[in-house]
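Only one structure is covered here, and it is reproduced in the block below.
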Amino acid sequence: MKINQKWFYFLPAGIYCALIFFLSGNAIKIRLGIIFWDKGAHWLEFSALGFLLALGFFKNLPDRPFLRAYLTFMTGIFIGLLDELHQLFVPGRTCDWKDWLADLAGIAFGLTVYWIIHLETQDKNPKTPQA
């Protein structure tokens, strides 16, 4: 059976999701003395995820620019929601809608960065029709 190799572009995002759920399954108490540092951590964590999800969707849907952006964002929203709900069942962790908003902002940022890089690295020469 032949496997479409483009789907391997989702492997980094899958591994990264597993890491996110592993880390959120542990009660981590870090005090930095900075207000809202945890929101920045959520933003950074999900910025990377947004970038990796965009990699998978952009490689698999090359001719559907808005669909791949939509799927990247919606998948990120779903993963962020699952992560927050997962924390309801972890002793010492809480489900916080503000963390989820930070996750969404991170997904949007990671997607935007990937899209800009994608646009900048595309072939700038228009394709000429062959006779």
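According to our numbering, the residues represented by the sequence shown are 83 to 213, in order.
We put the CB at the ideal spot given by N, CA and C, even for glycine.
Model, not experiment: these values are computed from the prediction.
Remark: C-beta atoms of glutamate 202 and tryptophan 182 do not approach each other more closely than 7 Å. For asparagine 142, the enclosing alpha helix (DSSP H) stretches over residues 119-142.
Here the C-alpha atom of alanine 184 lies approximately 6 Å from the C-alpha atom of lysine 121.
For phenylalanine 191, the CB contacts under 6 Å within the same chain, skipping 5 residues up- and downstream, are Ser129 in chain order.
Rounded to the nearest whole angstrom, the CA to CA distance from isoleucine 97 to glycine 162 is 15 Å.
Rounded to whole angstroms, leucine 126 and isoleucine 189 show a C-alpha spacing of 9 Å. One alpha carbon belongs to asparagine 86, the other to asparagine 142, and they sit about 10 Å apart. Taking the Cα of phenylalanine 133 as reference, the smallest distance to any Cα among His200, Gln204, Leu193 is reached at Leu193.
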